[in-house]
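Following: one structure in structure tokens, then a few remarks.
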Amino acid sequence: MKDGKVQAYALNGRGLVGGNFQLDYPSVGATETLLMAACMADGTTILSNVAREPEVVDLARFLTKSGACVEGAGSNKFVIKGKSHLHGCKCTIAPDRIEAGTFMLAAAITRSFISISLVIPSQVSCLMQKLLAAGCKIRQCSHDTLDVSAVSQCGENLRGFEVKTGPFPGFPTDLQPQTMALLTTCNGLSPVEESVFEKRMAHGHVNELRKLGAKIQVCASSALVFGKDNRSGLSGSCLAATDLRGGISLVLAALAAEGATEISGVAHIDRGYENVDTKIHMLGADIKRLTAPASS
């Protein structure tokens, strides 16, 4: 560490060399970092207990098209034979499953209908199951299009459900805050357990949701959400986004709340949702950005 920066060097004089690595936890970031390093390391690298998230598989596909030798994408083990160089390629990035899931939850929390494309249904199957159990209707119109409807039938409200996050194919931790926002508007008690991002419950979205009138009890990495009889139980307030996923959860809650809500710190949201205010406005929401987005 020097001047607040991490500096790393290969001290053997010949660059990185392959080896065997077993991750203590299937971290997406650690898996992707080791995978990229191994592609141009000398020799063969075996990575065990790796993340299986679609983003990791997509990275492996890109590296392979660039000339890397990567085996095991989608499993819990990679075998990588290092190459001396890679080359350019054409590669289409897979749709963002977290953005798709966020808009599915937007349909649910506003008791509306949204058609979402492009989306890979198998990558959001965990969320689909929860929304179906809550009372939403979901129809796959094509291989990359989902219709999500939470329009109330005969005054019936959505039902709460249990959430426990986990590595893929488990429930994504990056959809937990948005799902918690939805649960504040559903009938019954909904337990939420965060087992991936240990400090996520301590981030600001729980306290900010409470400012809207939500009742949430937190103990360590678990929470109990006390749902409302109807979504009008939330009331607008002044909120602050302190991180990406927690920030967008406040936007979803604001869409369902009575009255106006002002959210500061939206630069956090912009990191993961391009033109989100424009997209939501096009769906019919009354939303306005008060300051210009920060330039990238």
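Numbering-wise, my numbering comes out as the position in the sequence shown, counting from 1, plus 56.
Backbone N, C-alpha and C fix where the C-beta goes; we use that ideal spot for every residue, glycine too.
Close Cβ partners of residue i (< 8 Å) along its chain, the five nearest in sequence each way excluded
i      : result
Leu290 : Thr240, Thr241, Leu268, Gly269, Ala270, Lys284, Ala309, Ala312, Ala313, Glu314
Leu183 : Gly157, Met160, Leu161, Phe227, Pro228, Leu231, Thr235
Asn132 : Pro82, Ser104, Asn105, Val106, Arg108
Residue i classed as buried or exposed, judged by whether at least 16 other C-beta atoms fall within 10 angstroms
i      : result
Ile149 : exposed
Glu264 : buried
Asp179 : Here residue 179 is Gln; the residue named in the question, Asp, does not match the sequence. So Gln179 ends up on the buried side.
Asp342 : exposed
Glu109 : buried
Ser246 : buried
Asp299 : buried
Under the three-state DSSP convention, the category residue i falls into
i      : result
Phe118 : helix
Asn263 : helix
Phe227 : strand
Ala124 : coil
Cys145 : coil
Arg301 : helix
Phe159 : helix
Ser205 : strand
Gln78  : strand
Ile165 : helix
Ser178 : helix
Neighbourhood of residue i by C-beta, 6 Å cutoff - its chain only, sequence neighbours within 5 removed
i      : result
His261 : Pro233, Gly302, Ser305
Leu214 : Ala190, Gly191, Cys242
Member of the options whose CA lies at the smallest distance from the CA of residue i
i      : options                        : result
Gly292 : Ile319, Thr334, Cys275         : Ile319
Ala323 : Met57, Cys275, Asp333          : Asp333
Leu103 : Glu109, Val126, Leu115, Leu119 : Val126
His199 : Cys95, Leu174, Leu187          : Leu174
Lys139 : Arg167, Ser205, Met338, Ala93  : Ala93
Leu280 : Gly244, Ser251, Thr298         : Gly244
Thr221 : Val252, Val207, Asn213         : Val252
Cys197 : Glu111, Ser181, Pro177         : Pro177
Other residues of its chain near residue i: CB distance less than 7 Å, five sequence neighbours each side excluded
i      : result
Ala116 : Leu91, Val126, Ala129
Every unbroken alpha helix (DSSP H) within the stretch 268 to 349, with a cutoff of 4 residues, ordered by chain | Runs of the alpha helix (DSSP H) inside the stretch 268 to 349: 300 to 312, 323 to 326, 332 to 338.
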